[in-house]
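In our numbering, the protein residues as written are 90 to 262.
As structure tokens, this is what we get:
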């Protein structure tokens, strides 16, 4: 398994990162996903208990499905149809935001795999139906995805929202 510094240096070419992540995704196992639970518990520590349980369950399920899907991608075919500017922007985002020094390299790989798979497959980065405080959810209607928090975060340089296919939810109940 490559170390963090070596992995970050491979982020200079879009196709390289896809190939490296594909190789790395094959080396991950279900046990390593158990490390995500403590991360997700920390991320959701201020959520009400009923939101926290759903947040952890839905997030783990989403990470796992994206990981399994990414493992089965034909990287050459995917790279040929991807928007190269989006990939360059994502790589830049990963370099500047996700790859600050940390000891949780496995988490970084899983997050990158999830985000890239979501962009490739044109699905929301957050799990569909995950509840946000206030009870609102990401949902699909007429073939489009909608997010109740995207309008607040899509221009935040530290948020992944700008890469997400979901549209801001302007639907008024």
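The C-beta atom is built at its ideal place from N, Cα and C for all residues, glycine as well.
Reference residue i, options the options, closest by Cα
i	options	result
residue 240	228, 225, 233, 256	256
residue 105	118, 167, 203	167
residue 258	164, 230, 162	230
residue 162	210, 242, 181	210
Rounded C-alpha distance that separates residue i from residue j
i	j	result
residue 208	residue 126	24 Å
residue 98	residue 212	For residue 98, the predicted structure reports a pLDDT of 46, less than 50, and the residue's modelled location is therefore unreliable. A value from the coordinates is still provided. Approximately 28 Å, taken between the alpha carbons.
residue 121	residue 195	7 Å
residue 112	residue 249	24 Å
residue 116	residue 133	28 Å
residue 114	residue 156	7 Å
residue 216	residue 227	7 Å
Rounded Cβ spacing between residue i and residue j (contact assumed at less than 8 Å)
i	j	result
residue 186	residue 247	6 Å
residue 235	residue 254	So it is not a contact: roughly 10 Å between Cβ atoms.
residue 265	residue 220	As displayed, the chain neither begins before 90 nor continues past 262, which places residue 265 out of reach and without an answer.
Sequence-distant residues of its chain with Cβ nearer than 6 Å to residue i (five each side left out)
i	result
residue 190	Unreliable positioning characterises residue 190 in this predicted model, as indicated by a pLDDT of 47, which lies under 50. The coordinate reading is nonetheless provided below. For residue 190, where only same-chain residues beyond five positions count, there are no Cβ hits under 6 Å.
Beta-carbon proximity of residue i to residue j, cut-off 8 Å
i	j	result
residue 237	residue 140	no
residue 149	residue 129	yes
residue 138	residue 218	no
Own chain residues within Cβ distance below 8 Å of residue i, not counting five before or after
i	result
residue 110	159, 198, 201, 202, 205
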